[in-house]
Each structure stands twice: as C-alpha cells, then as structure tokens.
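In this note's numbering, the protein residues as written are 8 to 411.
Note that beta-carbon positions come from the ideal geometry of N, C-alpha and C, so glycine has one too.
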Amino acid sequence: MRMKNTLWLFVGTFLLWVSMSGCKTKTLNQDVGLIADNIANAVSQYSLQTDVIEHSGGILNPRTIDDKGEVIYVPFDDWTSGFFPGSMWYMYQLTGDKKWKTLGQKYTEAIDSVQYLTWHHDVGFMAGCSFLNGMRLGDIDYTPIVVQAARSLATRFRPEAGVIQSWDSDKGWQAKRGWKCPVIIDNMMNLELLFEATRLSGDSTYYNIAVSHADKTLENHFRADNSCYHVVDYDPETGAVRGKQTAQGYADESSWARGQAWAFYGYTMCYRYKHNPAYLDQALKIYNFIFTNKNLPADLIPYWDFDALNIPNEPRDVSAATVTASALYELHTYLSDAKYKETADKIIESLSTPAYRAPVGTNGNFILMHSVGSIPHGAEIDAPLNYADYYFLEALIRKRDLEK
8 MRMKNTLWLF
18 VGTFLLWVSM
28 SGCKTKTLNQ
38 DVGLIADNIA
48 NAVSQYSLQT
58 DVIEHSGGIL
68 NPRTIDDKGE
78 VIYVPFDDWT
88 SGFFPGSMWY
98 MYQLTGDKKW
108 KTLGQKYTEA
118 IDSVQYLTWH
128 HDVGFMAGCS
138 FLNGMRLGDI
148 DYTPIVVQAA
158 RSLATRFRPE
168 AGVIQSWDSD
178 KGWQAKRGWK
188 CPVIIDNMMN
198 LELLFEATRL
208 SGDSTYYNIA
218 VSHADKTLEN
228 HFRADNSCYH
238 VVDYDPETGA
248 VRGKQTAQGY
258 ADESSWARGQ
268 AWAFYGYTMC
278 YRYKHNPAYL
288 DQALKIYNFI
298 FTNKNLPADL
308 IPYWDFDALN
318 IPNEPRDVSA
328 ATVTASALYE
338 LHTYLSDAKY
348 KETADKIIES
358 LSTPAYRAPV
368 GTNGNFILMH
378 SVGSIPHGAE
388 IDAPLNYADY
398 YFLEALIRKR
408 DLEK
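In structure tokens:
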C-alpha cells in the first residue's frame with residue numbers, strides 16, 4: 008500500500024512538473040514571438056523612414072509629425088537629436104543587420120557638434136543616446152566627443168546649489184517664469200553621460216557632479232507621496248530652493264507622467280553607477296507611486312498627467328510608458344522580485360497592440376502612436392515621438408537579454 012501511494016505521489020509530482028514546464032515554455036515562446044514581431048515591425052517602419060532620408064540628399068533627423076501627418080525634422084541642437092541615431096544603433100543590436108550600424112554611424116557623426124553645446128542640459132540625451140551607443144555597438148572610439156560633451160554639460164553645474172541648471176532663465180519662454188536656476192526632473196537622465204565620461208577619462212569631476220545632482224534632486228524634488236515636481240528653482244548663489252512648479256504638467260502640484268518616468272529611470276540608472284541604497288529605495292518608491300495610482304489605466308499606459316482634470320478623457324503618453332518599461336527591466340536585474348519584469352512585460356504587451364503600435368507605412372513611419380510632448384505648450388499632443396520609439400527599442404533589448 009505504501010509503495011502504491013509512493014508511486015501515485017511520484018506520478019502526480021511528475022505531471023505537475025510537466026504542466027509547469029509546459030506553461031513556462033509557452034510563456035517563453037510567446038515572449039520570443041512578441042519580441043520578433045516587434046523587431047519585424049520596427050524594421051519595416053524604419054526602413055521606410057530611412058529610405059526617405061537617404062533619398063533626400065541630406066541627413067535628416069525625424070522627431071515627430073505635424074497635424075497633417077508630415078514628418079518634422081530637427082537640427083543637431085534640438086534636444087531630441089540623439090534619439091534617432093540611437094535608435095539606429097538599437098536596430099543594429101536587435102537585428103545584427105550591418106545596414107543599421109552604417110546608418111547609426113552616419114547619423115551619429117552628423118550631430119558631433121553637440122559636444123560643444125552649453126546652453127541647456129540636454130547634451131546628455133543628445134550625445135549619450137548616440138555616441139555612447141556607437142561606442143558600445145559600433146566598435147568606434149568616440150571617447151573625445153563623449154568627454155567633451157560631459158565637459159560642456161559640467162559648465163552648467165552650480166556649486167553653491169549642487170545641481171546642474173537645466174535651462175537658461177533669461178531666454179525664450181523660460182524668461183517669463185522668473186526663475187534663477189531651474190532644475191527639471193528630466194535632468195536625471197543626463198547624468199549617465201557624466202558617469203560614463205569619468206569611466207572613460209578617469210576624471211572624477213564628472214562623477215562627483217552627477218552624484219551631487221542626484222543627491223540634491225532626491226532631497227528637493229519629491230513630495231510625501233513620492234511623486235515628483237517637474238521644476239525646482241534654486242538660488243544659484245545660496246543654494247536655497249526658491250520655488251517648485253511645473254512647465255509641462257497639468258499644475259504645479261500635479262504629477263506629470265513623463266516626469267515620474269524620468270525620475271524612475273534616473274534613479275535606477277544612478278544605482279548602476281553608484282550603489283547608494285537611497286537611489287534604489289527612491290526608485291522603488293516611485294514605482295509604488297506609479298503602479299498603485301488610482302488613475303493608472305489597466306493597460307499601464309498612463310494619461311499624460313496623473314492628475315489631469317478630465318481623466319479618463321485625457322491623452323495617454325506612450326513615451327512615459329516606454330521610459331518606465333525600460334527602467335523596470337533594469338530594476339529587475341537588481342532585485343529578486345519578479346513583479347518588476349512582469350510589470351514591464353505587461354507594458355510592452357500593451358504597446359505591441361494596434362491601440363498603440365502604428366500600422367506599417369503610417370504614423371510618419373514612427374513605431375508608436377499616442378505620445379504627448381507638452382500640453383501646456385500645445386505641442387506634440389497625441390503624436391509619435393522619437394524618444395518614445397528609442398526607449399521602446401531599448402526595452403525590447405533588455406527584455407530579450409533577460410529571457411535568453
């Protein structure tokens with residue numbers, strides 16, 4: 008009798024193992040199929056996009072589309088100029104097709120003047136997404152350009168405040184705000200350039216500036232519920248906080264969705280370079296704010312602001328979702344809890360549906376639809392954005408790497 012019971016226990020355990028293995032294999036195959044499908048779609052869209060550029064006789068840098076569906080191209084000094092070259096490098100990483108490597112190098116080197124840009128903080132986006140990816144994937148030594156770009160960014164460091172000033176306060180629409188040293192949460196994303204410049208050059212100046220900025224932002228940008236302000240204005244001479252406001256969110260005290268994504272990605276990335284538990288803790292706090300928010304839709308693609316007045320009749324912001332998904336995959340590598348990858352997977356699954364991924368040959372040949380640039384400025388509302396595509400491709404790479 009005991010032998011019979013033992014036999015049935017063995018059989019039951021074996022069948023359970025087979026069942027679980029089958030489920031795991033099915034899930035893995037589904038993930039592989041999803042990634043392959045997205046790669047094929049991206050190849051189709053970006054082949055059309057680059058065909059237009061290559062036949063133009065020049066080098067064009069697509070950012071978004073206008074109200075008529077025409078692609079808007081930008082000059083090298085536009086803050087988004089590094090994303091399309093960076094996307095070419097990611098296409099090379101995803102496909103292994105040297106066509107994308109060639110285009111990545113061509114479009115990256117076309118914006119080499121960004122290394123001298125000192126009039127705003129986004130040189131980190133511009134040089135980092137292009138030249139750093141080129142070094143990593145193209146076997147090209149762009150060290151002098153990366154270090155010079157970091158040197159340019161470092162000119163915006165205000166020692167008394169301990170932060171990098173984001174925008175000049177006396178130019179453009181910013182001049183009307185009365186700011187002295189505005190720092191936006193987006194600036195966290197530019198710190199990667201500084202960390203990498205120290206790694207490449209051995210000069211710790213850049214690393215120290217990045218850490219100072221991250222620490223001051225941690226101190227002053229976050230509310231009690233762990234959401235973040237968009238803009239914190241400092242007195243550059245005393246370091247005192249003068250005000251906390253927004254530029255692209257619904258209101259000063261609202262939670263602009265992409266701002267939360269920048270913060271989440273920024274502190275996750277900073278933890279990669281400096282294993283300060285406070286950075287990881289802040290990333291987890293931001294995660295909890297985003298994914299327990301009552302206004303986050305079931306498909307995890309946020310409205311452009313978590314506190315926008317007319318939810319659920321407000322535009323979604325796909326760019327916020329792609330930035331968040333990519334950061335989630337990195338966060339998963341630091342923690343044993345599977346929920347971070349599972350959350351990222353759900354975002355990617357949502358973005359892979361016709362609700363968000365454009366049919367081939369439409370959407371200005373960008374991959375994703377339904378992003379928001381800045382509603383307060385009336386700009387890029389419910390439109391594709393080159394940085395939404397960039398972080399989507401990055402998320403696909405990170406997802407694939409985790410599932411190998």
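{"Check": "Answer yes or no: do S333 and E401 have a C-beta to C-beta separation smaller than 8 Å?", "Outcome": "yes"}
{"Check": "Counting along the chain, where does the beta strand (DSSP E) carrying E470 start and finish?", "Outcome": "Summary: the structure shown does not reach residue 470, with the chain confined to residues 8 through 411, and so no result is reported for it."}
{"Check": "Please state the DSSP three-state secondary structure of S28.", "Outcome": "With a pLDDT of only 48 at S28, under 50, the local geometry of the prediction cannot be trusted, and the value read off the model is given with reservation. Correct three-state label for S28: helix."}
{"Check": "To the nearest angstrom, how far is it from the Cα of S88 to the Cα of E203?", "Outcome": "19 Å"}
{"Check": "Rounded to the nearest angstrom, how far is the Cβ of D129 from that of W86, given a contact under 8 Å?", "Outcome": "4 Å"}
{"Check": "In terms of alpha-carbon separation, which member of D74, P69, F91, S378 lies closest to V81?", "Outcome": "P69"}
{"Check": "Please classify H220: does DSSP put it in a helix, a strand, or coil?", "Outcome": "helix"}
{"Check": "From E61 to M142, what distance separates their C-alpha atoms?", "Outcome": "23 Å"}
{"Check": "According to DSSP, what are the bridge partners of I60?", "Outcome": "Beta-bridge pairing links I60 to no other residue."}
{"Check": "Give the DSSP bridge partners of F229, in chain order.", "Outcome": "C235"}
{"Check": "Mind the definition here: the segment 112-126 touches the segment 135-150 only if three or more C-beta pairs lie below 8 Å; say whether that holds.", "Outcome": "yes"}
{"Check": "Kindly identify the DSSP beta-bridge partner or partners of Y310.", "Outcome": "R323"}
{"Check": "What number of angstroms, rounded off, separates the C-alpha of K348 from the C-alpha of L335?", "Outcome": "6 Å"}
{"Check": "Using beta-carbon positions only, say whether F296 and D232 come within less than 8 Å of one another.", "Outcome": "yes"}
{"Check": "Is L291 closer than 8 Å to H339 when the C-beta atoms are compared?", "Outcome": "no"}
{"Check": "Kindly identify the DSSP beta-bridge partner or partners of H3.", "Outcome": "Residue 3 falls outside the range modelled here, since the chain spans only 8 to 411, and no answer is possible."}
{"Check": "Identify whether L342 lies in helix, strand or coil by the three-state DSSP scheme.", "Outcome": "coil"}
{"Check": "Taking the Cβ atom as the reference point for each residue, do M133 and I152 lie within a distance shorter than 8 Å?", "Outcome": "no"}
{"Check": "Across the segment 256-265 and the segment 315-330, are there enough close Cβ pairs to call them in contact, namely three or more that are closer than 8 Å?", "Outcome": "yes"}
{"Check": "Suppose the cutoff is 8 Å on Cβ atoms and the five residues either side in sequence are ignored; what does the same chain contact list for K31 look like?", "Outcome": "For K31, the predicted model reports a pLDDT of 49, less than 50, meaning its position is unreliable and no value from the coordinates is stated."}
{"Check": "Give the straight-line distance between the Cα atoms of Y280 and S173, rounded to the nearest whole angstrom.", "Outcome": "22 Å"}
{"Check": "Using a Cβ-Cβ cutoff of less than 7 Å, which residues in the same chain neighbour W107 once the five nearest sequence positions on both sides are dropped?", "Outcome": "M95, M98, Y99"}
{"Check": "I'd like to confirm the pairing. Which residues does DSSP put opposite G250 in its beta bridges?", "Outcome": "D240"}
{"Check": "Could you say which of G131, N393, F229, Q112 lies nearest to D146 if we only look at CA atoms?", "Outcome": "Q112"}
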